[in-house]
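In the numbering used here, the protein residues as written are 3 to 289. Some notes on the structure that comes next.
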C-alpha cells in the first residue's frame with residue numbers, strides 16, 4: 003500500500019494543535035479544562051516521529067504525558083478521541099497513565115473509538131459520545147509464524163491480552179455489563195451506537211441528549227447490523243515506512259530531527275543490526 007493511500011485512510015488534521023483549552027459552564031460555575039485531541043492510529047511513542055514525518059495521523063502516550071505534566075493543579079483533562087485503534091500496548095500505556103493520574107478526565111468521542119482506542123476511552127472518569135459516534139470492541143490480533151509451539155504461545159499471549167482488555171472494560175462498565183457479557187461482546191466484534199454504549203456502561207452520556215429523547219430500539223437495530231463488520235484499518239507496516247523514509251532521505255528529502263540516515267560502516271554496524279532486529283519484532287505487533 004502506498005504512503006498516500008495509508009494517509010487517506012483517516013481524515014488528516016495532523017497539524018492542528020493536539021493540546022488546547024476549553025471551558026464548560028455548569029449551574030454554579032465555569033469549569034476550565036485542558037483539551038487534547040487523539041486522532042488517528044494508536045502508536046508507540048518511539049514511532050510517533052515517523053508517522054508525523056509521513057503526515058499520517060497518529061497519537062501516542064507522549065501526548066498524554068505532556069498534557070498531564072502541563073495540566074494546572076485542580077484542572078480537568080478533556081480528551082477528544084477519533085480513532086480506529088492501533089497498537090494494543092500503547093493503548094494500555096495511555097490507559098494506565100490516565101487511571102493513575104489523580105486528574106479528573108473526560109473523554110469525548112466525536113466519530114469512533116475502536117479497538118485500542120476504546121481502551122483509552124474507558125480509562126476516563128466520564129465518557130461522552132456524539133449521537134453519531136461508534137464504539138467498537140474486538141479480540142486482539144497479530145501476525146505470527148513458526149512451528150506449532152510458537153503458534154500456541156502466540157495464542158496464549160492473545161488470550162492474556164484479552165483478559166487485560168476485559169479488565170479495563172469491566173472496571174468502567176460495572177453493573178451495567180457482566181464480565182461474561184463483555185467476553186461475548188468482545189468475541190463477537192461488537193459495534194455500538196451511542197445508546198448501546200451507554201446501556202452497556204462504556205459511556206456515561208450522549209452529547210445533546212440530556213433528556214434521553216433518542217430511541218433505544220432504533221439504535222439497537224443499527225448496532226446489530228454493524229456487528230461482525232470488517233475490522234477498522236490496520237496499522238501501516240512500520241518496517242516498510244522506515245525503509246521508505248530511509249530511501250527518501252537518501253534521495254534528498256529533509257530528515258526528521260534526530261533521525262539522520264547514515265550508510266552502513268564498521269562503526270555503525272551495531273546500530274544497523276539493532277534497526278534490523280526492531281523491524282523483525284514489528285512483524286509480530288499486537289493490535
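Beta carbons are placed, not taken as given, at the ideal position from N, Cα and C, and that holds for glycine.
The beta carbons of residue 96 and residue 136 sit about 20 Å from each other, so the pair does not count as a contact at 8 Å. Bridge partners of residue 85 according to DSSP: 115.
Shown here, residue 78 sits in a strand according to DSSP, grouped into three states.
Spatial neighbours of residue 66 in its own chain (CB-CB distance under 6 Å, excluding positions within 5 residues in sequence) are listed in chain order as 96, 99.
Nearest to residue 133 by C-alpha distance, out of 124, 123, 145, 114, is 114. In this structure, the straight-line span from the alpha carbon of residue 146 to that of residue 252 is close to 32 Å. In this structure, DSSP gives residue 139 an extended state, which the three-state scheme calls strand. Listed in chain order, the non-local C-beta contacts of residue 62 below 7 Å within the same chain comprise 45, 46, 47, 50, 92, local neighbours out to five positions each way being set aside. In this structure residue 60 is buried. Its beta-carbon is surrounded by 16 or more other beta-carbon atoms within 10 angstroms.
If you check the CB distance, residue 81 and residue 139 do not come in under 9 Å.
The C-beta of residue 238 has 16 or more other C-beta atoms within 10 Å across all chains shown, which makes the residue buried.
Distance between residue 216 and residue 249, taken at the CA atoms: about 53 Å.
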